[in-house]
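**Student:**
2 protein chains.
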Amino acid sequence: MAEGLRERKKRQTRQYISDVATHLFIERGFDAVTVAEIAEAANVSVNTVYNYFPAKEDLFFDRSAGVADRLARWIRARGAGESAARAVLRELRGEVEAVSPRIGLMAGYDRFMRVIQDAPPLRSRLWSLQQEIHDNVVVALREETGAEEGDPLPDLMAGQICWVHQAVFVHIGREMLVGREPAEVSREVLVLLDDIEELLSEKVLDYAVRAVS
Amino acid sequence: MAEGLRERKKRQTRQYISDVATHLFIERGFDAVTVAEIAEAANVSVNTVYNYFPAKEDLFFDRSAGVADRLARWIRARGAGESAARAVLRELRGEVEAVSPRIGLMAGYDRFMRVIQDAPPLRSRLWSLQQEIHDNVVVALREETGAEEGDPLPDLMAGQICWVHQAVFVHIGREMLVGREPAEVSREVLVLLDDIEELLSEKVLDYAVRAVS
DNA sequence: TGAAATTTTGCAATGACTCCAAAGTTTCAG
DNA sequence: CTGAAACTTTGGAGTCATTGCAAAATTTCA
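Pasting the structure below:
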């Protein structure tokens, strides 16, 4: 089954609603846009909006699907002889470096941040996203290290690793909000990543090293 | 001026409303209690409730005033030759040890956690509380170390220090939710604190050491 | 004791979100 | 091609948090 008309239509509708909403939010702010307005602008009923999105905040974060297990994925995909933390550091560096060439990726990121900045509900959502990331990392670490049931270590390690990720993005967000240039920010973040790595203990940097096959 | 009748009454009313609300939340859960019910149970109008508390969640967290600057206070009050991180570790140990004798302090803490557990809005509030704590720590560290304007170190260090605090409380919360005995949990947390300390790098443990007078 | 300051309250309104049953569409077997 | 089954969209009514406003009650103090 390729994909029925029904499926395709649903996905399009969903995408369209989310796009329209995001546009409106960026234009006028999260609070200043009512769900009713979004529905009207997207040519659907309010109920349809709620059919796709459980809450208003989800309209804004729809594009961030796949973010929740980023770190866990990176960890599982780490190379032989590489630890969980080092894998995450490497991937982060890669991602940040990849921005310089294609700066376009970050265009508009500041307006995006601005919306979040002054909408408490959106910030809450970001936090629960962090929580999800953390939980996924814990699961990954448990599986990768075969830690015992009550072992608190995977949890602590996940905390450290997620902290790295979070520190980077909070920093990026802050800089973008102040209007810094993407290229400059990306260069600066590479330095930050070095600082961060220096702050991690050997224990953390060497946790969950994948056996060299 | 000692304190007018008006002031006293206000404080009593506030306290009473919050108490009534907390009781109801613990009895039936956050969602299952409407602000109107709380108002009625406290013999005030709904508007009066909103006079004192900006949002429903604040009714539950009113008692946690003073929590926001705990860490910052601990850091500022650290002893000569002691670093910020070590001060926090010491205070945390002290607090945890102090629980064993007076176990009463933690009675009911599990029901308290339960309410938070299944009320997303309450969890959000906890997160913003963490954020407040973090921000206060950053300010404290900046002042104590005289770090330069753009120096990202205080922020990173604050992240590590707050992580310690958070790890401890998340752990306590989880254990209490599972119905563990307070005394047992407290003993276990002391071990956890050792694990945590071992995970911190020297850099973190030795940041912002107060000069020996 | 009475006017000024402050708090409490009632009323009305907005907006997010839920429930339900009535259309409207799409799918698919016959 | 056709009609019933499955699914989506919609309208409408209702709950609840939260806000704004002006009247009513209370407290303060000269």
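First to last, the protein sequences are chains U and V.
Last residue of the first sequence? That's 197 in the numbering used here, and every number before it is there in order.
Last residue of the second sequence? That's 197 in the numbering used here, and every number before it is there in order.
Note that beta-carbon positions come from the ideal geometry of N, C-alpha and C, so glycine has one too.
Rounded to the nearest angstrom, what separates residue 151 (chain U) and residue 116 (chain V) at their Cα positions?
**Tutor:** 16 Å
**Student:** Could you name each continuous alpha helix (DSSP H) segment of 4 residues or more that falls completely within the region 46 to 131 of chain V, going from the start of the chain to the end?
**Tutor:** 54 to 60, 68 to 83, 93 to 101 and 104 to 129
**Student:** Using a beta-carbon distance below 8 Å, is residue 187 (chain V) in contact with chain U?
**Tutor:** yes
**Student:** Exposed or buried, residue 31 (chain U), counting other C-beta atoms within 10 Å across all chains shown (16 or more means buried)?
**Tutor:** Classification of residue 31 (chain U): exposed, given that the 10 Å Cβ count is below 16.
**Student:** Looking at the strands, I want to know which residues DSSP matches up with residue 140 (chain V).
**Tutor:** DSSP, once it has assigned bridges, lists no residue as partnering residue 140 (chain V).
**Student:** Identify the continuous alpha helix (DSSP H) that holds residue 170 (chain V) and give its terminal residues.
**Tutor:** 166 to 183
**Student:** Can you tell which of V:93, V:61 and V:183 has its C-alpha closest to the C-alpha of residue 220 (chain V)?
**Tutor:** This structure leaves residue 220 (chain V) out entirely; chain V is present only between -15 and 197.
**Student:** Check whether the Cβ of residue 182 (chain V) lies closer than 8 Å to any Cβ atom in chain U.
**Tutor:** yes
**Student:** Quick one: list the residues of chain U neighbouring residue 136 (chain V), beta-carbon separation under 8 Å, in chain order.
**Tutor:** 155, 176 and 179
**Student:** So, is residue 132 (chain U) buried or exposed, given that buried needs 16 or more other C-beta atoms within 10 angstroms?
**Tutor:** exposed
**Student:** Taking 8 Å as the CB-CB cut-off, is residue 101 (chain V) touching chain U?
**Tutor:** no
**Student:** Residues of chain V with CB closer than 7 Å to the CB of residue 143 (chain U), please, in chain order.
**Tutor:** 147 and 151
**Student:** Counting only Cβ pairs nearer than 7 Å, list the residues of chain V close to residue 140 (chain U).
**Tutor:** 151, 179, 180 and 183
**Student:** Which value, in whole angstroms, describes the spacing of the CA atoms of residue 126 (chain U) and residue 167 (chain V)?
**Tutor:** If you take the alpha carbons of residue 126 (chain U) and residue 167 (chain V), they lie about 28 Å apart.
**Student:** Would you kindly report the start and end of the unbroken alpha helix (DSSP H) that includes residue 21 (chain U)?
**Tutor:** 19 to 25
**Student:** By the 7 Å beta-carbon criterion, what residues does the region 95 to 119 of chain V contribute toward chain U?
**Tutor:** 108 and 111
**Student:** Distance check for residue 72 (chain V) and residue -2 (chain U), CA to CA, integer angstroms please.
**Tutor:** Taking the Cα positions, residue -2 (chain U) is about 48 Å away from residue 72 (chain V).
**Student:** Could you tell me whether the region 101 to 114 of chain U touches the region 132 to 141 of chain U, where touching means 3 or more Cβ pairs closer than 8 Å?
**Tutor:** no
**Student:** Who are the Cβ neighbours of residue 65 (chain U) in its own chain at under 6 Å, not counting the five residues just before and after it?
**Tutor:** 196
**Student:** Output the boundary residues of the alpha helix (DSSP H) element that contains residue 277 (chain U).
**Tutor:** An answer regarding residue 277 (chain U) cannot be provided, because it is not within the stretch -15 to 197 covered by chain U.
**Student:** Assuming residue 105 (chain V) and residue 14 (chain V) are in contact, meaning their beta carbons sit under 8 Å apart, how far apart are those beta carbons, in whole angstroms?
**Tutor:** Confirmed, about 7 Å.
**Student:** What does the alpha-carbon distance come out to for the pair residue 97 (chain V) and residue -10 (chain U)?
**Tutor:** 44 Å
**Student:** Tell me which residues share the same chain as residue 18 (chain U) and place their Cβ nearer than 7 Å to its Cβ, disregarding the 5 neighbours each side in the sequence.
**Tutor:** Excluding sequence neighbours, residue 18 (chain U) sits near nothing in its chain.
**Student:** Using DSSP with H/G/I as helix, E/B as strand and the rest coil, what is residue 192 (chain V)?
**Tutor:** coil
**Student:** Please say whether residue 1 (chain U) and residue 36 (chain U) have beta carbons closer to each other than 8 Å?
**Tutor:** yes
**Student:** With contact counted as at least three CB pairs below 8 Å, one residue from each stretch, are the region 171 to 189 of chain V and the region 180 to 187 of chain U in contact?
**Tutor:** yes
**Student:** So, helix, strand or coil for residue 162 (chain U), using DSSP?
**Tutor:** coil
**Student:** DSSP on residue 42 (chain V), reduced to helix/strand/coil?
**Tutor:** Helix at residue 42 (chain V).
**Student:** Among U:160, U:52, U:25 and U:47, whose alpha-carbon lies nearest the alpha-carbon of residue -5 (chain U)?
**Tutor:** For the residues U:160, U:52, U:25 and U:47, the minimum Cα distance to residue -5 (chain U) belongs to U:47.
**Student:** Out of curiosity, what's the CA-to-CA distance linking residue 140 (chain U) and residue 161 (chain U)?
**Tutor:** 31 Å
**Student:** Short of 7 Å in beta carbon distance, which residues of its chain neighbour residue 100 (chain V), apart from the five on each side in sequence? Order them along the chain.
**Tutor:** 106, 107 and 110
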